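**Student:** The listed protein sequences correspond, in order, to chains C and P. For the first sequence, UniProt numbering gives the first residue as 1, with consecutive numbering after it. For the second sequence, UniProt numbering gives the first residue as 1, with consecutive numbering after it. A virtual CB, placed ideally from N, CA and C, is assigned to each residue, including glycine. Source: prediction; values computed, not measured.
There are 2 protein chains.
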Amino acid sequence: MPYDDAALHEQVLADVFARGCPSRDVLEHITGRWGILALAALASGPARFNALRRRVDGVSEKMLAQTLQALERDGFVRRDEQSTIPPRVEYSLTPRGERTTKLLLALIGQVEDDLPEATESQRRYDEAKSARIG
Amino acid sequence: MPYDDAALHEQVLADVFARGCPSRDVLEHITGRWGILALAALASGPARFNALRRRVDGVSEKMLAQTLQALERDGFVRRDEQSTIPPRVEYSLTPRGERTTKLLLALIGQVEDDLPEATESQRRYDEAKSARIG
Numbered sequence: 001m002p003y004d005d006a007a008l009h010e011q012v013l014a015d016v017f018a019r020g021c022p023s024r025d026v027l028e029h030i031t032g033r034w035g036i037l038a039l040a041a042l043a044s045g046p047a048r049f050n051a052l053r054r055r056v057d058g059v060s061e062k063m064l065a066q067t068l069q070a071l072e073r074d075g076f077v078r079r080d081e082q083s084t085i086p087p088r089v090e091y092s093l094t095p096r097g098e099r100t101t102k103l104l105l106a107l108i109g110q111v112e113d114d115l116p117e118a119t120e121s122q123r124r125y126d127e128a129k130s131a132r133i134g
Numbered sequence: 001m002p003y004d005d006a007a008l009h010e011q012v013l014a015d016v017f018a019r020g021c022p023s024r025d026v027l028e029h030i031t032g033r034w035g036i037l038a039l040a041a042l043a044s045g046p047a048r049f050n051a052l053r054r055r056v057d058g059v060s061e062k063m064l065a066q067t068l069q070a071l072e073r074d075g076f077v078r079r080d081e082q083s084t085i086p087p088r089v090e091y092s093l094t095p096r097g098e099r100t101t102k103l104l105l106a107l108i109g110q111v112e113d114d115l116p117e118a119t120e121s122q123r124r125y126d127e128a129k130s131a132r133i134g
């Protein structure tokens, strides 16, 4: 039975800790400032560009376009262009994108739930710091 | 029974999609280029600065210091300074840091496992693009 040597090799070696490993780029696309929010926004279903832009509050048109392009290239997001006039472009998660986004949503949920603790920790840290300086 | 009104209020409102929500900063600290790798490196146990720096291949001294400081301030990482000569500083995960890092490790594992698929997706995307241009 034939198998893909290159893919096998790559799978064995993938290591985000290694500077040159391409897995690090992929990880950065999904966890980057806008990547994580774009994927999370698509978790509730397919959406058009402008709807995504409204949901991901603060993103520029250019940054959202770049973000979606990187996610499409990596295979997390699918871009469908319907041949209407004007053309209607819709973005959605691929099955792999859905699996990844589930983990991202869990992470986001945890950060949101724990925000009071994080804020309290920041307050204590800053207080201790100004006590050392003062 | 008294309860913390501010904390309750904050918990209800935390929303990473909102531009000004402080949860967005916390999320960026743990998913940032170096934050995610520093946390993942600490998952295998407490470590000193230089050991972390070797593990997180490519990080500068300054960036690692800033990263650890933000994670300590948010309450994900604990910094212990032992009063030896010279002082020995060790970093470790707090219980909240451990919970968060579990999700990050799952994400990293998925990205590493799926790297062959992502690479193949990138190849197809680039091929289709050059076909459109050419």
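Quick check for students: name the residue ranges of the alpha helix (DSSP H) that lie wholly in the UniProt domain "HTH hxlR-type" (21–119) of chain P, counting only runs of 4 or more.
**Tutor:** Entirely contained in the UniProt domain "HTH hxlR-type" (21–119) of chain P, the alpha helix (DSSP H) runs reaching 4 residues are, in chain order, 22–31, 35–42, 49–55, 61–74 and 95–113.
**Student:** Are L64 (chain P) and L39 (chain P) close, meaning C-beta to C-beta below 8 Å?
**Tutor:** In this structure, L39 (chain P) does not lie closer than 8 Å to L64 (chain P) by Cβ.
**Student:** Who are the Cβ neighbours of L68 (chain C) in its own chain at under 8 Å, not counting the five residues just before and after it?
**Tutor:** Taken in chain order, the residues that qualify are A38, F49, L52, V77, R79 and Y91.
**Student:** What residues in its chain sit with their C-beta under 8 Å from that of T100 (chain P), if we drop five residues either side in the sequence?
**Tutor:** Answer for T100 (chain P): I30, L39 and F76, listed in chain order.
**Student:** By a C-beta neighbour count over all protein chains shown, 10 Å radius and 16 as the cutoff for buried, is T84 (chain C) buried or exposed?
**Tutor:** Exposed, by the Cβ-count rule.
**Student:** Go through its chain and collect everything with a Cβ distance to L27 (chain C)'s Cβ below 7 Å, but skip five positions before and after it.
**Tutor:** The answer, listed in chain order, is V16.
**Student:** What does P22 (chain C) reach in chain P if we use C-beta pairs closer than 9 Å?
**Tutor:** The answer, in chain order, is L115, A118, T119 and Q122.
**Student:** Which word fits A41 (chain C), buried or exposed, when buried means at least 16 other C-beta atoms lie within 10 angstroms of its C-beta?
**Tutor:** Looking at its Cβ environment, which holds 16 or more other Cβ atoms inside 10 Å, A41 (chain C) is buried.
**Student:** In the region 80–102 of chain C, which residues sit with their C-beta less than 8 Å from some C-beta in chain P, listed in chain order?
**Tutor:** Those residues of the region 80–102 of chain C that come within reach of chain P (Cβ to Cβ, closer than 8 Å) are R96, R99 and T100.
**Student:** In chain C, which residues lie with their C-beta within 7 Å of the C-beta of T31 (chain P)?
**Tutor:** Under the 7 Å cutoff, chain C gives T31 and I36.
**Student:** Do D114 (chain P) and R73 (chain C) count as a contact pair if the criterion is CB distance below 8 Å?
**Tutor:** Cβ distance not < 8 Å, so R73 (chain C) and D114 (chain P) don't count as in contact.
**Student:** Please work out which residues of its chain come closer than 6 Å, Cβ to Cβ, to G20 (chain C), disregarding the five sequence neighbours upstream and downstream, and give them in chain order.
**Tutor:** If we look at G20 (chain C) and ignore the five residues flanking it on each side, it has no Cβ neighbours.
**Student:** Taking 8 Å as the CB-CB limit, is G75 (chain C) close to chain P?
**Tutor:** Answer yes: the Cβ-Cβ gap between G75 (chain C) and chain P drops below 8 Å somewhere.
**Student:** Let me know the secondary structure DSSP gives D15 (chain C) once reduced to three states.
**Tutor:** Three-state result, D15 (chain C): coil.
**Student:** Quick one: is K129 (chain C) buried, meaning 16 or more other Cβ sit within 10 Å of its Cβ, or exposed?
**Tutor:** Counting Cβ neighbours within 10 Å, K129 (chain C) comes out exposed, since fewer than 16 surround it.
**Student:** Does any residue of chain C have a CB that is nearer than 8 Å to the CB of G58 (chain P)?
**Tutor:** Yes, G58 (chain P) lies at the interface with chain C (some Cβ there is under 8 Å from its Cβ).
**Student:** With distances taken Cα to Cα, identify the nearest neighbour of L46 (chain C) among C:L103, C:E98 and C:R124.
**Tutor:** Per the sequence shown, the amino acid found at residue 46 (chain C) is Pro instead of Leu. Among C:L103, C:E98 and C:R124, the Cα nearest to that of P46 (chain C) belongs to C:E98.
**Student:** Using a C-beta to C-beta distance shorter than 7 Å, which residues of chain P count as neighbours of I108 (chain C)?
**Tutor:** Per Cβ cutoff of 7 Å: V16 and L27.
**Student:** Quick check: what's the CA-CA separation for A43 (chain P) versus L93 (chain P)?
**Tutor:** Near 7 Å, if we compare the C-alpha coordinates of L93 (chain P) and A43 (chain P).
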